[in-house]
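Undergrad:
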Amino acid sequence: MKKTERINEKAEQPALNIFTWGNPSRGDDAIGPLLHQKIEQLIAEFSLDNIRLIEDFQLQPEHIFDISGDACIVFIDASYQGDSAFQISQVSAAQNIGYTSHALSPEALLSVYEKIQNRQAPPAFMLSVRGYSFALGAPLSKQAQENSNAACRFLTELLSCREPLQLLQDTLLIQEDKSHA
Amino acid sequence: MTKHLETAENPDNLKRLVIEPLSRVEGHGKVTLLVDDHNRVKQCRLHIAEFRGFERFIQGRPYWEIPILVQRLCGICPVSHHIAAGKAIDMIAGVTELTQSAYKLRLLLHYGQTLQSHALHFFYLCSPDLLFGFESDLASRNIVGVIAKHPQLALQGVKLRKYGQEVIRVICGKRIHGTGCIPGGMNKPLSCEDNRYLLADIEQIIRWAENAVKISRDCYLANEPFHKNFAGLRSNYLSLLGKNGELDLYHGTLRLKDASGNILFDKQNYCDYQNLIEEEVKSWTYMKFPFIKALGKESGWYRTGPLARINNCDYIATPLAETARREFIAYGGKEPVHSTLAYHWARMIEMLFSAEKIKQLLNDAAIMGTDLLVQGKRQNEGIGVVEAPRGTLFHHYQVGEDDLITKANLIVATTNNNSAFNESIRIVASQQVSGREITEAVLNNIEVAIRAYDPCLSCATHAVGKMPLKVEMRHQQTGELISRLIKDADGTLRQ
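In order, the protein sequences belong to chains A and B.
Under the numbering used here, the first residue of the first sequence is numbered 263, with each subsequent residue one higher.
Under the numbering used here, the first residue of the second sequence is numbered 56, with each subsequent residue one higher.
(1) Pull up the distance between the alpha-carbon of R171 (chain B) and that of G360 (chain B), whole angstroms please.
(2) By how many angstroms is the C-alpha of S395 (chain A) removed from the C-alpha of A292 (chain A)?
(3) Would you kindly work out how many angstroms separate the C-alpha atoms of T516 (chain B) and E307 (chain A), rounded to a whole number?
(4) Measuring CB to CB, does I378 (chain A) end up less than 8 Å from L210 (chain B)?
(5) Kindly indicate which three-state DSSP category Y118 (chain B) falls into: helix, strand or coil?
(6) CB S330 (chain A) to CB A413 (chain A), shorter than 8 Å?
(7) In chain B, what lies closer than 9 Å to V374 (chain A) by C-beta?
(8) Within the 8 Å Cβ cut-off, does P510 (chain B) reach chain A?
(9) Taking the alpha carbon of F327 (chain A) as the reference point, which residue from A:C423, A:L434, A:I280, A:Y375 has its own alpha carbon closest?
(10) Could you work out which residues of chain B lie near K377 (chain A), taking near to mean beta carbons separated by less than 7 Å?
(11) H93 (chain B) by DSSP, collapsed to three states: which one?
(12) What number of angstroms, rounded off, separates the C-alpha of N242 (chain B) from the C-alpha of A157 (chain B)?
(13) What does I326 (chain A) touch in chain B if you count any residue whose Cβ is under 8 Å from its own?
(14) Whose Cβ in chain B lies nearer than 9 Å to the Cβ of P385 (chain A)?
(15) If you measure between the beta carbons of K159 (chain B) and A421 (chain B), is that distance less than 8 Å?
(16) Given a threshold of 16 other Cβ atoms within 10 Å of its Cβ, counted over all protein chains shown, does K312 (chain B) qualify as buried or as exposed?
(17) Find the nearest neighbour of V503 (chain B) within the set B:R481, B:N471, B:C236, B:R491, judged by alpha-carbon distance.
(18) Skipping 5 residues on each side, what residues in its chain have a beta carbon closer than 7 Å to that of D290 (chain A)?
(19) Give, in chain order, every unbroken run of the alpha helix (DSSP H) that is at least 4 residues long and sits entirely within the stretch 242 to 269 of chain B.
(20) Measure the alpha-carbon distance for L128 (chain B) versus S367 (chain A) and round it to whole angstroms.
(21) At the 8 Å Cβ level, is K562 (chain B) part of the contact set with chain A, yes or no?
(22) I want to verify the contact list: residues of chain A whose CB lies under 9 Å from the CB of Q220 (chain B), in sequence order.
(23) Is the stretch 170 to 185 of chain B touching the stretch 344 to 353 of chain A in the sense that three or more CB pairs, one from each, lie closer than 8 Å?
(24) Sort out for me which residues DSSP pairs D339 (chain A) with in a bridge.
(25) Under 8 Å between beta-carbons, which chain B residues line up against Q357 (chain A)? List them in chain order, please.
(26) Which runs of the beta strand (DSSP E) fall wholly inside the stretch 446 to 475 of chain B and span at least 3 residues, in chain order?
(27) Quick test of your reading: A559 (chain B) and L396 (chain B), contact by CB under 8 Å. State the CB separation rounded to the nearest angstrom.
(28) My output table needs one value for L540 (chain B): the three-state DSSP class, helix, strand or coil.
(29) Have a look at A:L310, A:L321, A:D311, A:L417 and flag the residue whose alpha-carbon is nearest the alpha-carbon of W283 (chain A).
(30) Could you say if the stretch 244 to 262 of chain B and the stretch 402 to 420 of chain B meet the contact criterion of at least three C-beta pairs nearer than 8 Å?
(31) Judging by CA-CA distance, which residue of B:N472, B:G355, B:F112, B:D91 is the nearest neighbour of V492 (chain B)?
(32) How many angstroms separate the CA atom of V488 (chain B) from the CA atom of C181 (chain B)?
(33) When you compare each of A:C334, A:M388, A:A333, A:N285 to Q352 (chain A) by their alpha carbons, which one comes out closest?
(34) Excluding the five sequence neighbours on either side, which residues of its own chain have a C-beta within less than 6 Å of the C-beta of E317 (chain A), listed in chain order?
Shown next as structure tokens:
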């Protein structure tokens with residue numbers, strides 16, 4: 263991504279709201295905070311005013327005010343499942359809640375958004391990066407680091423492209439084709 | 056009153072019921088009930104099974120790290136620990152009085168924290184019970200249910216919480232686990248831009264806080280005979296008060312009132328807390344049981360938090376909250392208001408007070424000052440006490456000549472209410488649960504009693520997610536491994 267190109271195009275870029283979370287002290291759960299740092303660097307380096315980046319320990323109802331109505335939303339977290347370095351999945355609003363409302367799921371957050379803001383939630387996606395070890399005090403595993411690097415390359419492309427929603431949808435389709443093959 | 060329900064006489068013949076985890080509270084706790092064949096409750100206990108160990112592992116750390124470290128006690132009320140530790144570290148730094156600017160920044164931070172914490176508790180955690188009923192449908196009895204049925208009310212609650220978090224963020228840099236208090240002051244001033252940003256919404260925040268007082272009061276009075284006696288118990292009340300007896304959540308002296316409203320002690324320096332309070336340990340829970348030494352274990356337990364503070368103070372120095380306080384006290388008549396469910400009403404009065412204080416502070420020119428630090432002569436001991444959202448919070452540290460912490464003692468706010476929790480749930484168990492068919496809805500009555508206190512049972516550390524866990528039993532003297540049980544990240548148990 264060339265800096266000059268980015269500066270000229272930034273006024274036209276659609277908004278992206280990116281949420282990351284994770285515990286840097288729990289092994290591969292540090293993936294979220296790691297990618298948050300990388301995205302912060304990209305935002306600063308290329309003056310990406312269209313990106314809203316939020317990091318927190320968990321999703322809570324008040325995060326609905328961090329969502330721009332015209333944005334595309336990406337949630338980023340480590341996952342203990344999956345065969346590839348990372349996966350994209352679409353997130354739809356759903357009124358699901360476990361025994362606690364302290365940590366809302368992305369689906370529940372979108373449902374809260376729709377009810378309170380009285381409008382449909384913007385398109386949302388989950389970027390799940392494969393992790394393997396989540397023990398307290400453990401460092402990031404080598405494989406998780408490589409998976410994070412792969413996710414970072416994807417995110418760099420996402421943040422620089424003119425149609426991030428299209429890229430996310432295309433990536434989703436490619437994934438689905440691969441899984442059916 | 057309910058002492059007979061603490062330990063059953065013949066537990067072997069009884070059925071054991073467990074409520075775990077307690078829902079819509081901060082932290083992790085469980086309640087166990089022993090019932091007979093007719094579901095009559097013979098034993099009821101609140102257990103805190105998590106051992107944190109902060110008092111031990113912060114030993115050996117430099118004293119200036121402590122206000123940052125102790126925030127990790129909690130993800131909901133870290134600012135309370137940050138400020139209490141900050142006050143203790145001020146003493147160690149030899150500072151007895153901050154600059155006006157630093158003092159007012161700390162007040163702003165503290166009242167922002169109280170506003171967001173009280174909003175979270177009322178709107179997110181307990182409003183489902185108050186609005187829908189204690190035994191209403193489980194699927195709706197949560198914040199998402201409130202949002203579905205009362206979207207405007209939910210919107211106010213979410214915005215109140217967010218506003219309080221923004222106050223914290225502009226002072227500390229982050230909503231959770233930021234930095235602000237340093238030995239002798241604060242680490243950065245409030246910018247004009249941030250002041251304007253916070254002032255922009257404060258009138259609306261005050262109006263919503265007033266509305267919340269009305270809602271909490273009306274919910275309580277709508278079923279007054281039932282609510283008054285639900286988990287109702289007479290108790291002593293402990294809190295800090297300002298120098299003229301006014302409500303003050305940041306600094307003051309200790310007052311204790313008895314159940315009849317008599318003042319048992321007043322204007323006590325909190326640095327003498329160890330002469331006033333002792334903590335009893337019981338085998339079935341990690342949370343201790345503080346009591347007033349002079350009154351003994353049986354009669355010396357007390358309640359802290361909003362109900363205690365509103366009962367104890369002589370007045371509130373902000374007009375709208377003062378009007379609300381007078382109405383609350385008039386309801387109690389000649390005695391303090393004892394109803395456990397009145398905690399919600401008192402809590403909303405405090406939220407209104409916090410909003411009014413924030414407005415006052417933002418309009419005070421002194422808060423914009425850049426003179427934020429005072430230096431003093433290094434001491435070896437520091438005690439910091441504040442009124443945290445949940446009650447009186449004590450932080451006490453001793454420091455060696457090498458500036459490293461040698462000893463730490465914390466009485467976390469919620470701990471003060473431990474006897475009251477257990478009394479309350481036993482009353483509810485005997486009145487609402489005993490002899491009935493045991494369902495989730497019926498057991499929710501017990502949770503409602505606990506929830507009224509807004510406990511932070513282990514300061515917001517839930518066991519959510521896929522954390523692996525290893526438990527080892529070792530010989531006390533030799534350290535030899537006796538047995539081990541491991542839960543892997545996928546939930547599999549193995550030895």
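A virtual CB, placed ideally from N, CA and C, is assigned to each residue, including glycine.
Source: prediction; values computed, not measured.
TA: Quick look at the numbers:
(1) Here residue 171 (chain B) is taken as the residue at index 116 of the second sequence, counted from 1. Here residue 360 (chain B) is taken as the residue at index 305 of the second sequence, counted from 1. Checking the sequence shown, residue 171 (chain B) turns out to be Gln, not Arg. Each residue's Cα considered, the two are about 15 Å apart.
(2) In the first sequence, the residue the question calls residue 292 (chain A) occupies position 30. In the first sequence, the residue the question calls residue 395 (chain A) occupies position 133. Using only the alpha carbons, I get a separation of about 10 Å.
(3) The residue given as residue 516 (chain B) occupies position 461 in the second sequence. The residue given as residue 307 (chain A) occupies position 45 in the first sequence. Per-residue confidence for T516 (chain B) stands at a pLDDT of 38, beneath the threshold of 50, marking its modelled position as unreliable; no derived number is given.
(4) For this step, residue 378 (chain A) is matched to residue 116 along the first sequence. For this step, residue 210 (chain B) is matched to residue 155 along the second sequence. I378 (chain A) places its beta carbon less than 8 Å from that of L210 (chain B).
(5) As a working note, residue 118 (chain B) is residue 63 in the second sequence. Here Y118 (chain B) carries a helix assignment [DSSP, helix/strand/coil].
(6) Within the first sequence, residue 330 (chain A) is the residue found at index 68, counting from 1. Within the first sequence, residue 413 (chain A) is the residue found at index 151, counting from 1. Not closer than 8 Å, so no.
(7) In the first sequence, residue 374 (chain A) corresponds to position 112, counting from 1. Chain B residues near V374 (chain A): I198, V199, I202, A209, V213.
(8) Locating residue 510 (chain B) in the second sequence gives position 455, counting from the first residue. Cβ-Cβ to chain A under 8 Å: no for P510 (chain B).
(9) By 1-based counting over the first sequence, the position of residue 327 (chain A) is 65. Each of A:C423, A:L434, A:I280, A:Y375 was checked against the Cα of F327 (chain A), and the nearest Cα belongs to A:Y375.
(10) Indexing the first sequence from 1 puts residue 377 (chain A) at position 115. Chain B residues near K377 (chain A): I202, A203, P206.
(11) As a first step, residue 93 (chain B) must be located in the second sequence, where it is residue number 38. Three-state result, H93 (chain B): coil.
(12) Your numbering for residue 242 (chain B) matches position 187 in the second sequence. Your numbering for residue 157 (chain B) matches position 102 in the second sequence. Distance between the alpha carbons of N242 (chain B) and A157 (chain B): 9 Å.
(13) On the first sequence, residue 326 (chain A) is found 64 positions in, with the first residue counted as 1. In chain order: V213.
(14) Residue 385 (chain A) sits at position 123 when you count from the first residue of the first sequence. Those do not exist, as P385 (chain A) stays about 21 Å from chain B at its closest Cβ, beyond 9 Å.
(15) Here residue 159 (chain B) corresponds to residue number 104 of the second sequence, with the count starting at 1. Here residue 421 (chain B) corresponds to residue number 366 of the second sequence, with the count starting at 1. Closer than 8 Å, so yes.
(16) The count along the second sequence starts at 1 and reaches residue 312 (chain B) at position 257. When all chains shown are included, K312 (chain B) counts as buried.
(17) Position 448 of the second sequence, counted from the first residue, corresponds to residue 503 (chain B). Comparing alpha carbon positions, the residue from B:R481, B:N471, B:C236, B:R491 closest to V503 (chain B) is B:R481.
(18) Locating residue 290 (chain A) in the first sequence gives position 28, counting from the first residue. The residues are A340, G393, Y394, S395, F396, L402, S403, A406.
(19) Taken in chain order, no unbroken stretch of alpha helix (DSSP H) lies wholly in the stretch 242 to 269 of chain B with a span of 4 residues or more.
(20) Stepping through the second sequence from its first residue, residue 128 (chain B) is reached at position 73. Stepping through the first sequence from its first residue, residue 367 (chain A) is reached at position 105. Looking at the two C-alpha atoms, the distance is approximately 24 Å.
(21) Outside the displayed range of chain B (56 to 550) lies residue 562 (chain B), so it cannot be described from this structure.
(22) Along the second sequence, one-based indexing puts residue 220 (chain B) at 165. Scanning chain A for C-beta atoms nearer than 9 Å to the C-beta of Q220 (chain B) yields E324, reported in chain order.
(23) No: the two stretches stay apart, fewer than three of their Cβ pairs being nearer than 8 Å.
(24) Within the first sequence, numbered from 1, the residue matching residue 339 (chain A) stands at position 77. Paired residues: A:S390.
(25) By 1-based counting over the first sequence, the position of residue 357 (chain A) is 95. Residues of chain B passing the Cβ test: V199, A203.
(26) Complete beta strand (DSSP E) runs here, min 3: 446 to 454, 460 to 466.
(27) In this structure chain B extends from 56 to 550, so residue 559 (chain B) is not present and cannot be described.
(28) Along the second sequence, one-based indexing puts residue 540 (chain B) at 485. Here L540 (chain B) sits in strand by DSSP.
(29) For the purposes of this step, residue 283 (chain A) is identified with residue 21 of the first sequence, where counting begins at 1. That would be A:L321, whose Cα lies nearest to the Cα of W283 (chain A).
(30) With the cut-off at 8 Å, the stretch 244 to 262 of chain B and the stretch 402 to 420 of chain B touch.
(31) Residue numbering aside, residue 492 (chain B) sits at position 437 when the second sequence is read from its first letter. In the sequence as presented, Val is not what sits at residue 492 (chain B); that position holds Glu. Measuring from the Cα of E492 (chain B), the nearest candidate turns out to be B:D91.
(32) Looking up residue 488 (chain B) in the second sequence gives position 433. Looking up residue 181 (chain B) in the second sequence gives position 126. Straight-line Cα distance between these residues: approximately 20 Å.
(33) Residue 352 (chain A) sits at position 90 when you count from the first residue of the first sequence. Shortest Cα-Cα distance from Q352 (chain A) to any of A:C334, A:M388, A:A333, A:N285 involves A:M388.
(34) Here residue 317 (chain A) is taken as the residue at index 55 of the first sequence, counted from 1. Hits under 6 Å: T282, H298.
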